[in-house]
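Report on the following structure.
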Amino acid sequence: MQVIKNKRSDHGSHGVRMKVMSLAAFAAFTVVCNGAALAQEAAAPDAASAPAAQPGSGQPSAQKEKGAAAQSGSASTTVQQDTVVVTGTRTDTRASKSLTPVDVISGAQLQSTGQSNLRDALVQLSPSIVRETYAGDAAVLTDALSLHGLSPDHVLVLVNGKRRHTTANIALDGGLNEGSTGVDIDMIPVALIDHIEILRDGAAAQYGSDAIAGVINIILKRASHGGEIQSTTGQTYAGDGLKNTESANIGLNLGDKGFLDLSAEYARQNHTVRTGPDDYFGTFAPGHGYYNPIEGDPSSTRESVGFNAGYYLGDDVELYGFGTYAHRDGSAYQNYRPPSVLPSIYPNGFVPQETINENDYSVTAGIKGQNLFGWSWDLSTTYGGDHDVIGMVDSANTGLYAAQGYTPTTFHLSTVSNTQLTNNLDFSRAFQLPVLPAPLQVSFGVEQRRETYTVGAGDPASYVYGGAQALPGLAPVSASDNSRNVIGTYIDLSTHLTPKWQIDLAGRFEHYNDVGDTTNGKISTRYDFTPAIALRGSVSTGFRAPSLAEEYYTNINESPASASGLLAANSAAAKLIGAQQLKSEESTNYNVGLVLTPANNLHVTLDAYQIDIRNRIVLGGTASGAEAIAALEAAGLSIPGTIPASAVSASYFTNGASTRTRGLDLTGTYHTSFGSYGQVDWDLGVNLNTTSVTHVATGANGAPELNAQQIGWLTTSTPKNKIIIGGTWKRDKWAVSVHETRFGTTSGEETYIVGPNAFSTTQFIHFQNAARYVTDVEVRYDVTKKFQIAVGANNLFDVYPSKLPYEAQLEGAQYDAFASTIGVNGGFYYLRARYQF
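For the sequence shown, numbering that gives the first Met the number 0 begins at 0 and goes up steadily by one.
Laid out in structure tokens, this is it:
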């Protein structure tokens, strides 16, 4: 019998390959634009200051200053349509002329949101990006985002066009993020970012694995002088969750032949607690608030530094390098344990805290030039990694205490780390052909990549006799040292077939030593009927190789009432309950869009998309009871004797489903001038998105790999729609930004916690989060030309998600951890000061 593990254990528990590609359009649609139909496509540096892109490099080639928007501190969301973008193309392409949808968000916009991390700033600025309220267990200590309602693993992150390593901290405990090890972009100092380009189209044929939902390319500043210092402090209306962010950035001239841009950032956030009464152990602790503080944000302290540098050896050859280092300490509350658990040590009960000590790093070194026998070229090496030490404090091993009369209260649970070494060689050249009205741009290159993933065991006291309360440590049998080698090559051809008709063809072959070969392709095209109207579209295939964590990670998770284990998909223990070797996910992406510029100050884009994913990797094959216990014991994992067999489950990652995601993005901007009364940059962004499961695989025992709850996590845990509308008014020294964001409904199949269906794996409570409106406002004043102050509020009217029904509130957790996309903290106000020099 298939079961689903306890949804909230101790953190809210919980092809078509391109052999033949059809060019048939997948959808037809009619657009009616009346008046100022507006949409947000986020700001970018001014055209005059935007550097030209070197084909294939993903990094600006000319030595330029920061964009005008970044220098001025403008928070305008008006798109500068003459901005050169380097994502989704290997030619110099203006944002307004792109063959695929690319949003550009300036560094100034990111800083003006009042958010203390990059992930939450992007959620506030882009209608296509959302986040899980909080993930389970250690995953709550890592920040991940979702694009078009897909997993964080389906988003490829680049920095200056180079692949960024992922986090080593795997997300477990349920929800859309289950099993993901996406890139934690918060480890990059925001002060170092010039702008971000978001490609909302599949790009695996161009960039390789993970680019199924799209690509986020973070472009760093290239200043040779000037800088800024900024401080932001705020807290929630409830009085907790104090956040403080200090940042500094400076540009240095390297002998008039180069630049060195340096940034540093310090960010601190305190716990928030939004748990309701915990009826499992009693409703209220007089004088101490609610017993159980599990639901809310963790506390964390993050220090990060970064640099971006370039030095010209001659007129057309540049040495370049960039890198980041970040350290983070974080802790997250677990479920409350009552005095009866261990009265001799904790007479008033105890709340364990899961901790992380994390070091994240990346460095890139390269050389590029413009004329090697007529070819532009780029040779680079990138090495990066993430090292996480997971621990537990204020806890106990009750089994050890019962056996030996002693237990530590602080535990080392495990160490997880990954590295990624990537070498790239890219070439590009334009050929003049008499049959074409424009040059044929030919780009090709090779990429070699080595990935490692290491899991280290915890200290013995963390795993013997049932292990540490809340989250047992990993036993030596779970330790592993894994690696893979990848070699890939691509070719990209781009030209005009007629003066108004552009086309781009891309193909990529990659070989993985563990999961085999993959070949993918993409065709993009655009036709400009007039300067004001253009039609664009693309068809592509893609893939995502299973992460090493999905292949090799094993652990067990416990709450006071249940236990759930994860078995490595390729392990002998997992094969006891039907596991098979993981395969790569495969995808087919379609995109068709309309670009409208009916007036100089009005720009509108409308893009419809469909993303079909086959062999999607999900947590499935769940077993329960005696079968689960046998498999867990075969993996060397022990179960506390206090947990009944019926509440024990074991699962593994499997290619368990196929999904189809369909949606529409509407973006645009409008600028109006009111003369002496100032000017307003209006913006409106809309994303409509729906995912359905088109196939569920059958496990070895003949049962479906997914149940209704797991299907809900894939299909309805992100909003069906997200709308951002607002604008920025500016006059003299004053500026005011107001934005309203509507998060559409989400829903899920919730686990019964009480009653006759308690912890059932077939009977669930259907729960819907109602649509919510969140208002963000900021007022800025330029005290001098160099000094600016701002005051603002995120979630001005203190809006909260819908509350779960009582029957689903496990140990006081009153909100849906996986589908409450507006967060559970309520209103937040802040003050910011900024000095430029």
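Beta carbons: idealized from backbone N, C-alpha and C, even for Gly.
Item: The segment 102-117 contacting the segment 188-197, beta-carbon criterion three pairs below 8 Å; Value: yes
Item: Close Cβ partners of Ala26 (< 8 Å) along its chain, the five nearest in sequence each way excluded; Value: Only weak support is given to the placement of Ala26: the predicted model assigns it a pLDDT of 34, under 50, and the value that follows is read from those uncertain coordinates. Only Tyr589, Val591, Ala607 and Gln609 meet the Cβ criterion.
Item: Complete runs of the beta strand (DSSP E) confined to the segment 137-167 [at least 3 residues]; Value: 154-158
Item: Residue burial classification, Thr282 (beta-carbon count within 10 angstroms, cutoff 16); Value: Below a pLDDT of 50, predicted positions are generally treated as unreliable, and Thr282, at 43, falls in that range; no measurement from the model is reported.
Item: Contact between the segment 460-476 and the segment 403-414 (3+ Cβ pairs under 8 Å); Value: yes
Item: Other residues of its chain near Ile752: CB distance less than 7 Å, five sequence neighbours each side excluded; Value: Glu806, Ala807, Gln808 and Leu809
Item: For Gln268, the residue or residues it bridges with in DSSP; Value: Lys242 and Ser299
Item: Reduced DSSP category for Ser675 - H, G, I as helix; E, B as strand; rest coil; Value: helix
Item: Straight-line Cα distance separating Gly743 from Asn370; Value: 52 Å
Item: Any beta strand (DSSP E) of 3 or more consecutive residues that is wholly inside the segment 729-758; Value: 733-742 and 745-750
Item: Closer than 7 Å: Asp91 CB and nearest the ligand ZN heavy atom; Value: Among the ligands in the structure shown, none appear at all, so the ligand ZN cannot be discussed.
Item: Pro459, DSSP secondary structure in three states; Value: helix
Item: Sub-8 Å separation of His510 and Ile490 beta-carbons; Value: no
Item: Residues near Asp185 in its chain [Cβ-Cβ closer than 6 Å; skip 5 each side]; Value: Asn116, Leu117, Arg118 and Asp142
Item: Limits of the unbroken beta strand (DSSP E) element including Arg525; Value: Gly515 to Thr529
Item: Any 3 or more C-beta pairs closer than 8 Å across the segment 665-683 and the segment 568-587; Value: no
Item: Asn307 versus Val362 - alpha carbon distance; Value: 10 Å
Item: First and last residue of the uninterrupted alpha helix (DSSP H) at Ala630; Value: Gly624 to Ala633
Item: Cut-off 6 Å between Cβ atoms - residues of its own chain near Gln447, not counting five sequence neighbours on either side; Value: Asn422 and Ile486
Item: Three or more C-beta pairs below 8 Å linking the segment 597-607 and the segment 640-652; Value: no
Item: Straight-line gap, Tyr814 to Gln767 (C-alpha atoms, nearest Å); Value: 11 Å
Item: Limits of the unbroken alpha helix (DSSP H) element including Tyr489; Value: No alpha helix (DSSP H) contains Tyr489, which is instead part of the beta strand (DSSP E) from Ser479 to Thr497.
Item: Three-state secondary structure (DSSP) of Tyr772; Value: strand
Item: Short Cβ contact (8 Å threshold) for Leu534 with Ser650; Value: no
Item: Which of helix, strand or coil DSSP assigns to Arg535; Value: strand
Item: Beta-bridge pairing of Gly577 - partner residues as DSSP gives them; Value: Paired residue(s): none; Gly577 is not in a bridge.
Item: Close Cβ partners of Leu636 (< 6 Å) along its chain, the five nearest in sequence each way excluded; Value: Ile555 and Gly564
Item: Integer-rounded CB distance, given that Thr727 should sit under 8 Å from Thr690; Value: Contact flag wrong, Cβ pair sits at about 33 Å.
Item: Per-residue DSSP class, three states only, for Gly348; Value: coil
Item: Endpoints, the alpha helix (DSSP H) within which Arg118 is located; Value: Leu117 to Leu124
Item: In chain order, each beta strand (DSSP E) run of at least 3 residues that lies wholly inside the segment 211-262; Value: 213-219, 226-235 and 242-252
Item: Segment contact, 8 Å Cβ cut-off, at least three pairs: the segment 245-254 with the segment 333-342; Value: no
Item: Proximity winner among Gly365, Ile344 and Val304, relative to Val316 (alpha-carbon distances); Value: Gly365
Item: Beta-carbon proximity of Asn334 to Ile389, cut-off 8 Å; Value: no
Item: Beta-carbon contacts of Asn176 that lie in its chain and below 7 Å, excluding the five residues immediately before and after; Value: Glu131, Ala134, Ala138, Ala143, Ser150, Pro151 and Ala170
Item: CB contact flag (Ser303, Gly329, <8 Å); Value: no
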